[in-house]
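Residue numbers (the UniProt record's numbering): 1 to 301.
Beta carbons: idealized from backbone N, C-alpha and C, even for Gly.
Worksheet: one structure, shown below.
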Amino acid sequence: MPVNFFITPSGGWDWSKIDPYVNRDVHDSIAAFLPPAQRRHDCVRWRRTHDDNFSIRLAYDSLSPNPNTPRPTIWSKIWKCHVHERIRFLIWLITHGKILTNSHRHHRNLTDNATCPRCGRADETVLHALRDCDEVAELWMRFIAPQRWNTFFSLELGGWIDWNRLKDTITSNSMMNNMKANSSKCVRWIGWEPPNHDRVKCNVDGSHFESIRDAACGDVARDASGNFLFSFCHRIGYCEIIWAELRGIVDGLEKIWDKGFRKVTIKCDSDVALELVSNGVDDNHQCSALVQRVRSLIDRH
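So, in structure tokens, the structure goes:
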């Protein structure tokens with residue numbers, strides 16, 4: 001059956017047709033998706049990359065019994081690295097996924113909280129701690145050439161380490177040159193900045209917790225004087241962090257419109273979400289419905 005069979009005339013999911021055939025986990029995964037606003041033909045998406053584009057390399061990786069397992073040759077390459085012994089041992093631990101992150105501690109019943117202490121937005125796995133945390137990703141983006149970002153940030157742990165080693169990402173002169181070209185020292189005070197006097201400002205955010213298979217988003221709106229107008233937060237379902245960020249933008253824009261405000265400034269701390277909204281995405285992108293909803297709401301304002 002096509003997807004539009006399960007959408008109500010008002011544009012929401014028709015749970016009476018879905019719930020009898022799925023368990024709670026599948027329900028939560030579907031709930032995190034916004035139904036497409038326009039009637040389209042169904043399409044197949046490649047879920048193993050962030051942009052849904054098919055990759056031969058990742059297709060081969062997906063056939064491995066464990067996509068986190070590096071290729072056998074990586075072990076000899078690690079021990080042949082011309083670095084200090086402690087660094088070599090650290091890389092070996094990382095490749096084995098044995099760094100004592102909060103996720104690993106939670107798995108061993110050493111803590112009740114698997115969340116990353118830096119960003120608080122996702123579980124602190126090895127890959128999150130080293131690459132995917134917002135604070136770390138911003139640093140990597142200074143080192144890695146933009147044309148390599150998609151591959152760099154989409155691989156699983158084993159493939160990521162292997163790819164970095166094969167590409168000499170950590171030791172190449174091109175990487176250091178790229179770092180020198182893109183890096184600059186700056187001091188930035190973090191705080192709420194008021195909008196123009198005739199506007200309201202809505203700060204939006206999303207959170208994703210792998211350990212409990214849940215995600216949520218929330219917004220806070222204030223006027224130019226800093227006076228509180230409204231706020232809300234709600235559970236989305238089970239999804240990736242980028243969906244939670246985009247849902248926060250969608251829900252914030254809809255709530256502001258319903259409250260009667262027409263001149264709005266949206267503040268979001270996710271560079272990925274802002275890039276998707278600014279540049280748009282293909283119809284077969286996993287976030288296409290959310291991005292199109294955001295852009296239509298912006299046009300309405």
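Taking DSSP's pairing of strands, which residues face residue i in a bridge?
i	result
ALA215	HIS208, GLY237
VAL220	ASN203, SER231
ASP123	THR115
THR265	LYS201
ILE7	TRP13
Find out if the Cβ-Cβ distance for the pair residue i, residue j is shorter than 7 Å.
i	j	result
ASP205	LYS263	no
ASP134	CYS116	no
ILE242	VAL277	no
ASN102	GLU124	yes
CYS239	ALA216	no
ILE236	ALA32	yes
HIS208	ALA122	yes
ASP219	PHE232	yes
ILE91	ILE78	yes
LEU93	LEU127	no
THR111	ILE161	no
SER270	GLU245	yes
Kindly list the residues whose CB is nearer than 8 Å to the CB of residue i, restricted to its own chain and excluding five residues on each side of it in sequence; keep chain order.
i	result
LEU34	ARG247, VAL250, ALA289, LEU290, ARG293
GLY226	TRP192, PRO194
Suppose the cutoff is 7 Å on Cβ atoms and the five residues either side in sequence are ignored; what does the same chain contact list for residue i look like?
i	result
PRO2	ASP42
GLY252	CYS202, VAL204, ASP219, ILE266
ASP14	PHE6, ILE7, THR8
ALA114	ASN102, SER103, HIS106, ASP123, GLU124, SER211
Which residues in the same chain have their Cβ closer than 6 Å to the Cβ of residue i, if we skip the five residues on either side of it in sequence?
i	result
SER184	Bear in mind that the predicted position of SER184 carries a pLDDT of just 46, short of 50, making it unreliable; the figure below should be weighed with that in mind. No residues qualify anywhere along the chain.
CYS81	ARG88
ALA221	VAL200, CYS202, LEU229, PHE230
ILE18	PHE6
**OP:** Write down every uninterrupted run of the alpha helix (DSSP H) in the segment 244–292 whose length is 4 residues or greater and which is fully enclosed by it, in chain order.
**Re:** For the segment 244–292, the full-length alpha helix (DSSP H) segments reaching 4 residues or more read 271–279 along the chain.
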